[in-house]
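What follows is a short report on a single structure.
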Amino acid sequence: MRSSTAPDPRIANHPILRFERGTPVEFYFEGRKLVGLSGETVAAALIANSVKVFRHTEKLHRPRGFFCAVGKCSSCLMVVDGRPNTMVCMEPLRPGMKVERQEGTGRLP
Amino acid sequence: MKQVELAVVGAGPAGLSAAVTAARLGCEVALIDDNDRLGGQLIKQTHKFFGEKSHYCGTRGMDIAGILLEQLKETNVRVMSGTSVVGLFAGNVLGLADATSFQKLAAKSLIIATGAAENNLAFPGNDLPGVYGAGAVQTLANVFGIRPGNDALMVGSGNIGIIVSYQLLQAGVRVKAVVEALPRVGGYHVHAAKLVRLGVPILTSHTVLEALGDEYVTGARIAKVDASFKPIKGTTRTLAVDTICLAVGLTPLSELLWQAGCRMVYVPELGGHVAWHDENMRTSVPGVYIAGDVSGVEEASTAMLEGRVAGAHAAVQVLGPSPEARQVITESQAELCAIRKGPFGDKAACGKARLAECAPARA
Chain D
3 MRSSTAPDPR IANHPILRFE RGTPVEFYFE GRKLVGLSGE TVAAALIANS
53 VKVFRHTEKL HRPRGFFCAV GKCSSCLMVV DGRPNTMVCM EPLRPGMKVE
103 RQEGTGRLP
Chain U
1484 MKQVELAVVG AGPAGLSAAV TAARLGCEVA LIDDNDRLGG QLIKQTHKFF
1534 GEKSHYCGTR GMDIAGILLE QLKETNVRVM SGTSVVGLFA GNVLGLADAT
1584 SFQKLAAKSL IIATGAAENN LAFPGNDLPG VYGAGAVQTL ANVFGIRPGN
1634 DALMVGSGNI GIIVSYQLLQ AGVRVKAVVE ALPRVGGYHV HAAKLVRLGV
1684 PILTSHTVLE ALGDEYVTGA RIAKVDASFK PIKGTTRTLA VDTICLAVGL
1734 TPLSELLWQA GCRMVYVPEL GGHVAWHDEN MRTSVPGVYI AGDVSGVEEA
1784 STAMLEGRVA GAHAAVQVLG PSPEARQVIT ESQAELCAIR KGPFGDKAAC
1834 GKARLAECAP ARA
């Protein structure tokens, strides 16, 4: 989690880009309420909230996070609304979504 | 089962060009992409393209996506976004999955334009959160306006490595260094020079040894390497970074082509295994075409030209020959030839030549 002194990951001023930010979307990460923006993926909203660890691996319990951003590498698998193995780099953020870190291979609902 | 004359898989520069070209020639086209937003990786490319005016020289990648999408709007291409192609079955039948359903689609012709994915690199800690693909970080910063971290190390000085380093600076990330295992910078000099002017050290003959951290990256150990890429003792140092970006090449996303039974050839210059194809972008499986990075990792400019060749040729296969299609094919092939004769085209030209030597017996 971000401390109050760390800079906000969202870019306020950019020399050539003007970001069309969406409207605030409340969702839950590990039971805690966070706010992302409409139009973001779950992965983007988590990183904007300084959440980096998305899951732990089955055997060695290694932390894993974002990696490819194109839905190909399977590094970012999380449990979303009870559904394991959801690639959050491709999953659009929706209001009220329950996002949890996946431990190992996850359990089918 | 639903049927279509031509299905194009992937709506990046190659797939968009292919779909627009085929539709303009009168072909019924379905364009499928797993993203909600079309344009592939062009939408995050804020840098201006090089080359000829006819190849969008001087235009930013994201604006080229806009131009292609405008062209698409003027056609009757059926767009299926947010839809993954999860299988390619006998008889050119695609398995399509979206958030809630699965369906099959039979196509007379298919163009696979799935692009490529970023490579990882083997070093301890390479799986830690904070070790990200350079292109992935480019998406975060330029599409979503989110910084991946505050202090970054870039691994690789090819065009992606140096362009994304510059764009990280624009996003307000401190780039501590770019490391490059080779003794020289890989990408365009003008991009590298911009970085150097802004005080970012480009350390050639250097590599990353290890990512430090327990739950996520808190540092990186780097070292100088000798001519055989072995770390030199006494040159190791630690950089305090929370982000390590890997720009160490891409691998074609060829799963569907393997599944289709295409003849696959390993060509290092093209990024790994690629489906054999002829100058009209036909693979060894009848009716299956390829275009763009999946046919060999290159550039968006060549991907668009390959898409036009594939789109026109696939239209000919469905509708029969036409002078308009012939013109698109010959012009685009000539432009591809010209680009590959340029200063950065020899690698791809060499790879494509090697591929041509591996033609199946019947072709």
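As given, the protein sequences belong to chains D and U, one line each in that order. In terms of our numbering, the first sequence opens at residue 3 and continues consecutively. In terms of our numbering, the second sequence opens at residue 1484 and continues consecutively. Cβ atoms here follow ideal geometry from the backbone N, Cα and C, with glycine treated the same way.
Taking 8 Å as the cut-off, decide whether the C-beta atoms of residue i and residue j are in contact.
i: residue 1613/U; j: residue 1766/U; result: no
i: residue 1589/U; j: residue 1644/U; result: no
i: residue 55/D; j: residue 40/D; result: no
i: residue 1757/U; j: residue 1750/U; result: yes
i: residue 1704/U; j: residue 1692/U; result: yes
i: residue 1511/U; j: residue 65/D; result: no
i: residue 1723/U; j: residue 1714/U; result: no
i: residue 1833/U; j: residue 1752/U; result: yes
i: residue 1802/U; j: residue 1508/U; result: yes
i: residue 1771/U; j: residue 1489/U; result: no
i: residue 1505/U; j: residue 1522/U; result: no
i: residue 1662/U; j: residue 1636/U; result: yes
i: residue 1754/U; j: residue 1779/U; result: yes
i: residue 1631/U; j: residue 1615/U; result: yes
i: residue 1786/U; j: residue 1795/U; result: no
i: residue 1627/U; j: residue 46/D; result: yes
i: residue 1743/U; j: residue 1611/U; result: no
i: residue 1529/U; j: residue 1520/U; result: no
i: residue 1602/U; j: residue 1609/U; result: no
i: residue 44/D; j: residue 101/D; result: yes
i: residue 1526/U; j: residue 1539/U; result: no
i: residue 1728/U; j: residue 1617/U; result: yes
i: residue 1668/U; j: residue 1660/U; result: no
i: residue 1708/U; j: residue 1690/U; result: yes
Write down the C-beta distance between residue i and residue j rounded to the nearest angstrom, noting that I regard them as a contact closer than 8 Å.
i: residue 1621/U; j: residue 1658/U; result: The Cβ separation is near 13 Å, so there is no contact.
i: residue 1869/U; j: residue 1759/U; result: Beyond the ends of chain U as shown, which are 1484 and 1846, falls residue 1869/U; an answer cannot be given.
i: residue 1492/U; j: residue 1739/U; result: 7 Å
i: residue 1761/U; j: residue 1599/U; result: Between residue 1599/U and residue 1761/U the Cβ distance is about 21 Å, and since that is not below 8 Å, they are no contact.
i: residue 104/D; j: residue 81/D; result: 5 Å
i: residue 86/D; j: residue 108/D; result: 3 Å
i: residue 1685/U; j: residue 1640/U; result: 6 Å
i: residue 1585/U; j: residue 1784/U; result: Residue 1585/U to residue 1784/U, Cβ: 36 Å. No contact.
i: residue 1838/U; j: residue 1748/U; result: 6 Å
Just list the residues that DSSP pairs residue i with in beta bridges.
i: residue 28/D; result: 37/D
i: residue 1690/U; result: 1706/U
i: residue 1785/U; result: Partner(s): none; residue 1785/U has no beta bridge.
i: residue 1634/U; result: 1657/U
i: residue 1600/U; result: 1734/U
i: residue 1728/U; result: 1615/U and 1637/U
i: residue 1486/U; result: 1589/U
i: residue 1756/U; result: 1749/U
i: residue 66/D; result: 57/D
i: residue 104/D; result: 57/D
i: residue 12/D; result: 1629/U
i: residue 1545/U; result: Bridge partners of residue 1545/U: none, in fact.
i: residue 1772/U; result: 1594/U and 1765/U
i: residue 1663/U; result: 1687/U
i: residue 1720/U; result: 1705/U
i: residue 1567/U; result: 1580/U
Problem set entry | Contacting positions in the segment 32-47 of chain D - beta carbon closer than 7 Å to chain U | 42 and 46
Exercise. Closer than 9 Å, Cβ to any Cβ of chain D: which residues of the segment 1601-1621 of chain U, in chain order?
Worked result: For the segment 1601-1621 of chain U, which is checked against every Cβ of chain D, the residues closer than 9 Å are 1601, 1603, 1610, 1611, 1612, 1613, 1614, 1615, 1616, 1618, 1619, 1620 and 1621.
For this session: For the segment 1623-1642 of chain U, enumerate the residues whose C-beta is nearer than 9 Å to any C-beta of chain D, in chain order.
Result: Correct list: 1623, 1624, 1625, 1626, 1627, 1628, 1629, 1630, 1631, 1632 and 1633.
Problem set entry | Three or more C-beta pairs below 8 Å linking the segment 1578-1588 of chain U and the segment 21-35 of chain D | Output reads no: the segment 21-35 of chain D does not touch the segment 1578-1588 of chain U.
Problem set entry | the segment 1499-1510 of chain U in contact with the segment 1783-1792 of chain U per 3-pair CB rule at 8 Å | A contact is defined here as three or more CB-CB pairs under 8 Å, and the segment 1499-1510 of chain U meets this definition with respect to the segment 1783-1792 of chain U.
Problem set entry | Within 8 Å of chain U by C-beta, residues of the segment 63-87 of chain D in sequence order | 64, 65, 66, 67, 68, 69, 70, 71, 72, 73, 74, 75 and 77
For this session: Count the CB pairs spanning the segment 92-106 of chain D and the segment 1547-1554 of chain U that are closer than 8 Å, and state whether there are at least three.
Result: no
For this session: May I ask you to verify whether the segment 1649-1669 of chain U touches the segment 10-23 of chain D, counting CB pairs closer than 8 Å and requiring at least 3?
Result: yes
Problem set entry | Cβ-based contacts, 7 Å cut-off: residues of the segment 1527-1554 of chain U near chain D | Listed by position along the chain: 1529.
Exercise. For the segment 1721-1749 of chain U, which residues have a beta carbon sitting closer than 8 Å to at least one beta carbon of chain D?
Worked result: 1736
Problem set entry | Within 8 Å of chain D by C-beta, residues of the segment 1654-1666 of chain U in sequence order | Taking 8 Å as the Cβ-Cβ cut-off against chain D, the residues of the segment 1654-1666 of chain U that qualify are 1654 and 1655.
Exercise. If you measure beta-carbon to beta-carbon, which residues of the segment 1693-1713 of chain U are closer than 7 Å to chain D?
Worked result: 1698 and 1699
For this session: Output, in sequence order along the chain, the residues in the segment 86-109 of chain D whose CB is closer than 8 Å to any CB in chain U.
Result: 91, 92 and 94
For this session: Quick one: which residues of the segment 1502-1520 of chain U get their C-beta closer than 8 Å to a C-beta of chain D? List them in chain order.
Result: Answer in chain order: 1517, 1518 and 1519.
For this session: Check distances from the C-beta atoms of the segment 6-19 of chain D to those of chain U and list, in chain order, the residues that come in under 7 Å.
Result: 9, 11, 12, 13, 16, 17, 18 and 19
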